[in-house]
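In the order they appear, the protein sequences are chains D and R.
The working numbering puts the first residue of the first sequence at 14, with every later residue one more than the last.
The working numbering puts the first residue of the second sequence at 14, with every later residue one more than the last.
Glycine residues also receive a C-beta, built at the ideal position from the N, C-alpha and C atoms.
Beneath this line is the structure, given in structure tokens, with notes to follow.
2 protein chains.
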Amino acid sequence: MTSTQDAAHDLARLSVNQETLKQWSLPELAEGCAALGITSVGLWRAPVQEYGVQRAAALMGDHGLTVTSLCRGGFFTASDPAERAASLDDNRAAIDEAAALGTGTLVLVSGGLPEGDRDIAAARERVADAIGALVPYAAERGVRLAIEPLHPMFASDRCVVSTLGQALDIAERFAPDQVGVVVDTYHLWWDDRADAGIARAGEGGRIACFQVADWVTPLPEGVLLGRGQLGDGCVDLRGFRTQVDEAGYRGAVEVEIFNPALWARNGAEVLSEVADRYRKHVL
Amino acid sequence: MTSTQDAAHDLARLSVNQETLKQWSLPELAEGCAALGITSVGLWRAPVQEYGVQRAAALMGDHGLTVTSLCRGGFFTASDPAERAASLDDNRAAIDEAAALGTGTLVLVSGGLPEGDRDIAAARERVADAIGALVPYAAERGVRLAIEPLHPMFASDRCVVSTLGQALDIAERFAPDQVGVVVDTYHLWWDDRADAGIARAGEGGRIACFQVADWVTPLPEGVLLGRGQLGDGCVDLRGFRTQVDEAGYRGAVEVEIFNPALWARNGAEVLSEVADRYRKHVL
């Protein structure tokens, strides 16, 4: 093999989530990935809608790119019936979009606590109810719902599902090909029960998506955009990748880093760095 | 009883951690608490050292104040032998200070990951080792070491012990009167295993300290100073207080809020608000 082929082979499982290259349009992302021999991307609903769902699907196909996941559905915790109905409608639209993009994985972020609500257990139960309401619709379209636990610092305002154990407690109420979980190193690295959760998820065939980002401090105001480039932080990324592999996962390794410092740089340079860091710290 | 006596009775278990009133000197804190009929405080090492440990002990005694805890020892995760030895020396000094203040409780914050370290399990084990090294010294002086799990958002830079379960896993290696745990609502509110942890801690006689603060967002940069006044956030404070009571805890309810907006206000006004919020949301 030539060194280019070697490099491409190294990157066979790498998927680049588009939020990592937020400075790029969808065509720039498709061209940039194709140029480096990267064959998979994770997409987000808003930029895909803006570009046009069918047009985005064609663009990815033209560049030989597989869409490994669509982010994101969810936000299921409203107790108001009208808000709940609107959320379910929006999630059905997300399922349709995932199907149109040819991805079998719709990532779900549960939603936080409604204003004034102090009952997080009840909010988690509403998440499970909403997923139950969506499963038949998603299954008919070949889309698996992937529950993503977010770091506990997001529990009040973004995602009441904070651990892999909680995500599995919900997922396991449904068939494994209909509801899975997302294993994201950024959200789970601190948890001494993550190992057991990954093994449990693997045994049940529940790992729908594996995402990597590093943990760095200090956290910025609002904490959403503080994710670190692979290798810049304290997460044992290779350890996580090995664990999901040992649990039987054979899917993509999706790099999802929300970081304004990366967004401020040249996209091609950042993507090349991501590929290098992936080889050095994850592969 | 007069209404003043009623009010004082209501506040019988209330302890005010001095970081809640950081704008106050130790004499201002002592006088302010005494004026409201508050009989307990939690103190911090640095301001106590600055004022003089013996002098602080006398000041509290003169105002009829019990010191319910001293914050804080810990920072045990260094892998460098010289740093580790320095940390143990500093913790022995903290134990002496706690004994001099007449409190049986030294709160321990474990410390984060050393620079470049990605092995959080090993860091937690170093915490347990250090506690083992300190237990005889503390026990001789009648001081119980109280392991405080901090919210997982502090796991890398401040405290590798993130859950009550992890704190108990370490504490239970020692006698209950020598090593206990801190139950702090701010750090534990998101965890669906906190209930089980509180019950387990109660059965083992391990609840050394109960602290309350509310969870509010957005988190500020660095996330340390984002705690909310009681009732301003999403934590079921009364639910927690009921749980620790049902687990057999009979000690103080210590209000510890790090919040620059409170520090910018008149101390007496803030303390009065704390007492009102305590009655409304905790009692």
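**OP:** Kindly list the residues whose CB is nearer than 7 Å to the CB of Leu296/D, restricted to its own chain and excluding five residues on each side of it in sequence; keep chain order.
**Re:** Reading the first sequence from its first residue, position 283 is the one you call residue 296/D. Closer than 7 Å at the Cβ level, and outside the excluded window around Leu296/D, lie Asp23.
Subject >> Segment contact flag, the stretch 192-204 of chain R with the stretch 149-164 of chain D, C-beta cutoff 8 Å, min 3 pairs >> reply: Because the criterion of three Cβ pairs below 8 Å is not met, the stretch 192-204 of chain R and the stretch 149-164 of chain D do not touch.
Original post:
Is Gln67/D buried or exposed, if buried means 16 or more other CB atoms sit within 10 Å of its CB?
Top reply: On the first sequence, position 54 is the one that residue 67/D refers to. Gln67/D comes out exposed.
Original post:
Any idea if Gln62/R is buried or exposed, counting beta-carbon neighbours within 10 angstroms, 16 or more meaning buried?
Top reply: Here residue 62/R refers to the residue found at position 49 of the second sequence. Classification of Gln62/R: exposed, given that the 10 Å Cβ count is below 16.
Subject >> Backbone secondary structure at Arg85/R - three-state DSSP >> reply: Locating residue 85/R in the second sequence gives position 72, where the first residue counts as 1. Under the three-state reduction of DSSP, Arg85/R is assigned to strand.
Original post:
In the DSSP assignment, what are the bridge partners of Glu267/D?
Top reply: The residue labelled residue 267/D in the question sits at position 254 within the first sequence. The secondary-structure analysis by DSSP pairs Glu267/D across a beta bridge with Ser28/D and Gln224/D.
Original post:
Along chain R, in chain order, which residues have C-beta atoms closer than 8 Å to that of Glu234/D?
Top reply: Translated into positions along the first sequence, residue 234/D becomes position 221. Chain R residues near Glu234/D: Pro231, Leu232, Pro233 and Glu234.
Subject >> Span separating the alpha-carbon of Leu119/R from that of Thr255/D >> reply: The count along the second sequence starts at 1 and reaches residue 119/R at position 106. The count along the first sequence starts at 1 and reaches residue 255/D at position 242. Leu119/R and Thr255/D: Cα-Cα distance of roughly 40 Å.
Original post:
Can you tell me the Cα-Cα spacing of Val283/R and Val266/R, whole angstroms?
Top reply: Taking the second sequence and counting its residues from 1, the one referred to as residue 283/R is at position 270. Taking the second sequence and counting its residues from 1, the one referred to as residue 266/R is at position 253. The alpha-carbon of Val283/R is positioned some 17 Å away from that of Val266/R.
Subject >> C-beta atoms of Gly280/D and Trp57/D nearer than 8 Å >> reply: Locating residue 280/D in the first sequence gives position 267, counting from the first residue. Locating residue 57/D in the first sequence gives position 44, counting from the first residue. In this structure, Gly280/D keeps its C-beta atom at 8 Å or more from the C-beta atom of Trp57/D.
**OP:** Note down, in chain order, all residues in the stretch 160-177 of chain R with a beta-carbon under 7 Å from any beta-carbon belonging to chain D.
**Re:** Within the stretch 160-177 of chain R, the residues whose Cβ lies closer than 7 Å to some Cβ of chain D are His164, Pro165, Met166, Ala168, Ser169, Asp170 and Ser175, listed in chain order.
**OP:** Have a look at Gly244/D and Glu161/D and give me their C-alpha separation to the nearest angstrom.
**Re:** Here residue 244/D is taken as the residue at index 231 of the first sequence, counted from 1. Here residue 161/D is taken as the residue at index 148 of the first sequence, counted from 1. Within the model, the alpha-carbon separation for Gly244/D versus Glu161/D is close to 22 Å.
Subject >> Contact with chain R by Asp205/D, beta-carbon distance below 8 Å >> reply: Translated into positions along the first sequence, residue 205/D becomes position 192. So, interface residue.
**OP:** Starting from the Cα of Ile51/D, find the closest Cα among Val287/D, His294/D and Gly87/D and give me that residue.
**Re:** As a working note, residue 51/D is residue 38 in the first sequence. Closest option to Ile51/D, Cα to Cα, is Val287/D.
**OP:** Below 8 Å on the Cβ atoms is my guess for Ala184/R versus Arg219/R; work out the distance and round it to an integer in Å.
**Re:** Translated into positions along the second sequence, residue 184/R becomes position 171. Translated into positions along the second sequence, residue 219/R becomes position 206. Between Ala184/R and Arg219/R the beta-carbon gap is near 5 Å, inside 8 Å, which marks them as a contact.
Original post:
Should Pro231/R be labelled buried (16 or more other beta-carbon atoms within 10 Å of its own) or exposed?
Top reply: By 1-based counting over the second sequence, the position of residue 231/R is 218. With fewer than 16 Cβ atoms within 10 Å of its Cβ, Pro231/R is classed as exposed.
Original post:
Considering only C-alpha positions, which residue in the set Gly239/D, Gly261/D, Phe253/D and Ala260/D is nearest to Thr33/D?
Top reply: Against the first sequence, residue 33/D aligns to sequence position 20. Checking every option, the nearest Cα to that of Thr33/D belongs to Gly239/D.
**OP:** Work out the CA separation of Tyr291/R and Arg292/D for me, nearest whole Å.
**Re:** Counted from its first residue, the first sequence places residue 292/D at position 279. Counted from its first residue, the second sequence places residue 291/R at position 278. If I take the Cα positions, the gap works out to 53 Å.
Original post:
Hey, Trp203/R and Ser175/D: beta-carbon distance below 8 Å or not?
Top reply: On the second sequence, position 190 is the one that residue 203/R refers to. On the first sequence, position 162 is the one that residue 175/D refers to. The Cβ atoms of Trp203/R and Ser175/D lie closer than 8 Å to each other.
Original post:
Just how far apart, CA to CA, sit Asp75/R and Ala47/R?
Top reply: Taking the second sequence and counting its residues from 1, the one referred to as residue 75/R is at position 62. Taking the second sequence and counting its residues from 1, the one referred to as residue 47/R is at position 34. If you take the alpha carbons of Asp75/R and Ala47/R, they lie about 10 Å apart.
Original post:
Name the DSSP beta bridge partners of Trp57/R, please?
Top reply: The sequence position of residue 57/R within the second sequence is 44, counting from 1. Its beta-bridge partners are Cys84/R.
Subject >> Alpha carbon of Lys35/R to alpha carbon of Trp276/R, nearest angstrom >> reply: Start at 1 with the first residue of the second sequence, and residue 35/R comes out as number 22. Start at 1 with the first residue of the second sequence, and residue 276/R comes out as number 263. Going from the Cα of Lys35/R to the Cα of Trp276/R covers about 6 Å.
Original post:
If we ignore side chains and look at the alpha-carbon of each, how far apart do Gly248/R and Phe223/R end up?
Top reply: Numbered from 1 along the second sequence, position 235 holds the residue referred to as residue 248/R. Numbered from 1 along the second sequence, position 210 holds the residue referred to as residue 223/R. A small correction: the amino acid at residue 248/R is Val; Gly does not occupy that position in the sequence shown. Annotation: Val248/R to Phe223/R spans about 14 Å, alpha carbon to alpha carbon.
**OP:** Find the residues of chain D that neighbour Val248/R, judging by a C-beta separation of less than 7 Å, and give them in chain order.
**Re:** Position 235 of the second sequence holds residue 248/R. Within chain D, the residues near Val248/R are Arg131.
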